[in-house]
Amino acid sequence: MQTTATRAFPTRNTVIPFGPQHPVLPEPLQLRLVLEDECVVEALPAIGYCHRGLEKIAEKKDFIQNVYLVERICGICSFMHSLNYCQGIEELMKVDVPRRAKYLRVVWAELHRMHSHLLFLGLVSDAFGFENLFMQLWRVREHILEIMEKTAGARIMLSVCSIGGVRRDLDDGQKAETLRVLDQVERELEELLPTLMNDYSVRQRLCGVGLLPPDHAHDLGAVGPTARASGIPMDHRQTGYAAYGDLDGVTPVTETGGDCYARIMIRVRELHQSAELVRQAIQKIPAGPIAVPVKGNPDGEVLVRMEQPRGELIFYIKGNGTRNLERFRARTPTFANLPALLHMLPGCQLADVPVIILSIDPCISCTEC
Amino acid sequence: MGEEFMLNNVQEITPDRLVGEASLIKGQGCRFVTVTCTDLGEAHDLIYHFDDKGELRHLRLKLPHGATLPSLSGVWFAAVIIENEIQDLFGITVTGMAIDYKGRFILAESSPKAPFNKLGGIAVDVRVRPAAAAEAAAPGEAL
Numbered sequence: 084m085q086t087t088a089t090r091a092f093p094t095r096n097t098v099i100p101f102g103p104q105h106p107v108l109p110e111p112l113q114l115r116l117v118l119e120d121e122c123v124v125e126a127l128p129a130i131g132y133c134h135r136g137l138e139k140i141a142e143k144k145d146f147i148q149n150v151y152l153v154e155r156i157c158g159i160c161s162f163m164h165s166l167n168y169c170q171g172i173e174e175l176m177k178v179d180v181p182r183r184a185k186y187l188r189v190v191w192a193e194l195h196r197m198h199s200h201l202l203f204l205g206l207v208s209d210a211f212g213f214e215n216l217f218m219q220l221w222r223v224r225e226h227i228l229e230i231m232e233k234t235a236g237a238r239i240m241l242s243v244c245s246i247g248g249v250r251r252d253l254d255d256g257q258k259a260e261t262l263r264v265l266d267q268v269e270r271e272l273e274e275l276l277p278t279l280m281n282d283y284s285v286r287q288r289l290c291g292v293g294l295l296p297p298d299h300a301h302d303l304g305a306v307g308p309t310a311r312a313s314g315i316p317m318d319h320r321q322t323g324y325a326a327y328g329d330l331d332g333v334t335p336v337t338e339t340g341g342d343c344y345a346r347i348m349i350r351v352r353e354l355h356q357s358a359e360l361v362r363q364a365i366q367k368i369p370a371g372p373i374a375v376p377v378k379g380n381p382d383g384e385v386l387v388r389m390e391q392p393r394g395e396l397i398f399y400i401k402g403n404g405t406r407n408l409e410r411f412r413a414r415t416p417t418f419a420n421l422p423a424l425l426h427m428l429p430g431c432q433l434a435d436v437p438v439i440i441l442s443i444d445p446c447i448s449c450t451e452c
Numbered sequence: 006m007g008e009e010f011m012l013n014n015v016q017e018i019t020p021d022r023l024v025g026e027a028s029l030i031k032g033q034g035c036r037f038v039t040v041t042c043t044d045l046g047e048a049h050d051l052i053y054h055f056d057d058k059g060e061l062r063h064l065r066l067k068l069p070h071g072a073t074l075p076s077l078s079g080v081w082f083a084a085v086i087i088e089n090e091i092q093d094l095f096g097i098t099v100t101g102m103a104i105d106y107k108g109r110f111i112l113a114e115s116s117p118k119a120p121f122n123k124l125g126g127i128a129v130d131v132r133v134r135p136a137a138a139a140e141a142a143a144p145g146e147a148l
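The structure is reproduced here in structure tokens:
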């Protein structure tokens, strides 16, 4: 490649507004890309297109109503938000959640992780031009959505998590159906995923693209699959919240490539990990109540975190002894991964920008809650 | 769930010590997590969260209304996103940011100023406390 000094004609920088409306972006995000020919030299984010002020609304709602409010922070991993919020309030109010409820929370949380990862793999396949793979992966995802509808009554906004437990139980038939669907999903993925992992064209588009070395990932505060793809073994399920402490195999899935391919492989491997965790949770689920009554109002402050499909989700909750919270704050994983994204883009080709953006699995409605 | 979630590991500091203390924490290998800002009425309560090999630790400071806040983006570039958000939503002027959106990171020109601050007059939500809202609208008269 020619350097700038040896070019026949001097290059001029061009600024391209990438987004907020772009075919590859399901949600509005703008990156102002400074280009030298086709090469990105700088990227600046511009957000604010869908900020809803949910943190402020949470101060006006009853702390129990907030369970359903925070679930709407994200239309993909909604259950994770309600789970994190409930765990925070339960910590503040010293609520002892029944063990059966904790196992049921794991079942729905891991089903949510599976559908989120399948959604991501489909979208990223579409971004690098493999539409058939996109359709097939979303067809498999549909099985997960159907089993969530059968067990929780809804496909995405489950609304089954409540302060003190969960609102629905699983009977034996639902447990057997869930296990059957998991087997079917894994069988179908065995046929699809080798294409994603080994296809020459796919590897050409992903390997060595959007590099994030481990020291930069740490310094830039990257979380979740973005950090694990750079070799950082960080997975908050290891802290043992809900029933994760009773399950085997809750170890961080890591890759060392630090590129788009590694970030995709993390999701591929975590699909199998999540399926195994659901199986274990269903097999080990203890008998007993699924919820306990909660009395009083939250007082004090808590910082609670968990592992959402995109990484570390943090809620700060401050109660004042009334029905309304003094402050609710959400730090979502995409928000934490934005600085890392800004580091990945300089040096890449303009044609690779959509794939690199999607490789962190951005969720802008989370980011701008 | 563990005790770490109850914000036990908190170090109270003053704004002028923020950058120095954060540099020390970075030198110990910690990861920058985020900043939480709460409006207390007369001042802002800012908590800086860091991850020390899986354990959370925090720096906490009180910033009087109208005072400026030094940026941590020279220590951790990752801080620049949340600092711009705080500048927009709480009206705090953050000095020395690596990228300064001048209050236009999230908010548009026509947006309310510092919408996350607690201000008298807009704190009553009629959906939550209809009686209080009616009293505020017409003191002494019942609905």
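Quick mapping for you: the protein sequence lines, in order, are chains A and B. Each residue of the first sequence is one higher than the one before, starting from 84 at the first, in our numbering. Each residue of the second sequence is one higher than the one before, starting from 6 at the first, in our numbering. Note that the Cβ used here is the ideal one computed from N, Cα and C, for glycine as well. The structure presented is a predicted model; accordingly, all values stated were derived computationally and were not measured.
- Under DSSP, A:Phe-203 takes part in no beta bridge, so it has no partner.
- Separation of A:Leu-201 and A:Asp-266 (C-alpha to C-alpha, rounded to the nearest whole angstrom) is 15 Å.
- In its chain, beyond the 5 residues on either side, Asp-342 and Tyr-344 have a beta carbon closer than 7 Å to the beta carbon of A:Cys-290.
- Between B:Met-102 and chain A, the shortest Cβ-Cβ separation is not below 8 Å.
- Pairing A:Lys-367 with A:Leu-330, the inter-Cα distance amounts to about 9 Å.
- Per DSSP, the continuous alpha helix (DSSP H) segment holding A:Arg-222 begins and ends at 214 to 235.
- In terms of Cβ geometry, A:Gly-307 and A:Arg-393 form a close pair [threshold 8 Å].
- Straight across, the Cα-Cα distance linking B:Ile-30 with B:Arg-62 is about 9 Å.
- Between A:Leu-279 and B:Ile-86, the CB-CB gap reaches or exceeds 8 Å.
- Only Trp-81, Phe-82, Ala-83, Ala-84, Val-85, Ile-86, Ile-87, Glu-90 and Asp-93 from the region 76 to 93 of chain B bring a Cβ to less than 9 Å from some Cβ of chain A.
- At a C-beta separation below 7 Å, A:Leu-386 has these neighbours in chain B: Phe-10, Leu-12, His-54 and Leu-61.
- DSSP places B:Glu-60 in the strand class (E or B) of the three-state scheme.
- Shown here, B:Pro-75 sits in a strand according to DSSP, grouped into three states.
- 8 Å or more divides the Cβ of A:Lys-185 from the Cβ of A:Asn-407.
- For A:Leu-386, the uninterrupted beta strand (DSSP E) run begins and ends at 382 to 391, by DSSP.
- Per DSSP, the continuous alpha helix (DSSP H) segment holding A:Arg-350 begins and ends at 343 to 367.
- Spanning the alpha carbons of B:Glu-47 and B:Lys-67 requires a straight line of approximately 10 Å.
- DSSP places A:Asp-282 outside both helix and strand once states are collapsed to three, so it counts as coil.
- Within the region 401 to 433 of chain A, complete beta strand (DSSP E) segments of at least 3 residues are found at 408 to 414, given in chain order.
- A residue is called buried once 16 or more other Cβ atoms fall within 10 Å of its Cβ, and A:Ser-284, having fewer, is exposed.
- By the rule that beta-carbons nearer than 8 Å mark a contact, A:Gly-394 does not touch chain B.
- Contact of B:Arg-36 with chain A by beta-carbon distance below 7 Å involves His-301 and Gly-304.
- According to the DSSP assignment, A:Pro-297 belongs to the alpha helix (DSSP H) that extends over 297 to 302.
- Interface criterion met: the Cβ of B:Phe-121 is under 8 Å from a Cβ in chain A.
- Residue environment analysis places B:Lys-58 among the exposed positions, since fewer than 16 neighbouring C-beta atoms fall within 10 angstroms of its C-beta.
- Contact annotation: A:Gly-304 and B:Arg-65 have beta-carbon atoms that are not nearer than 8 Å.
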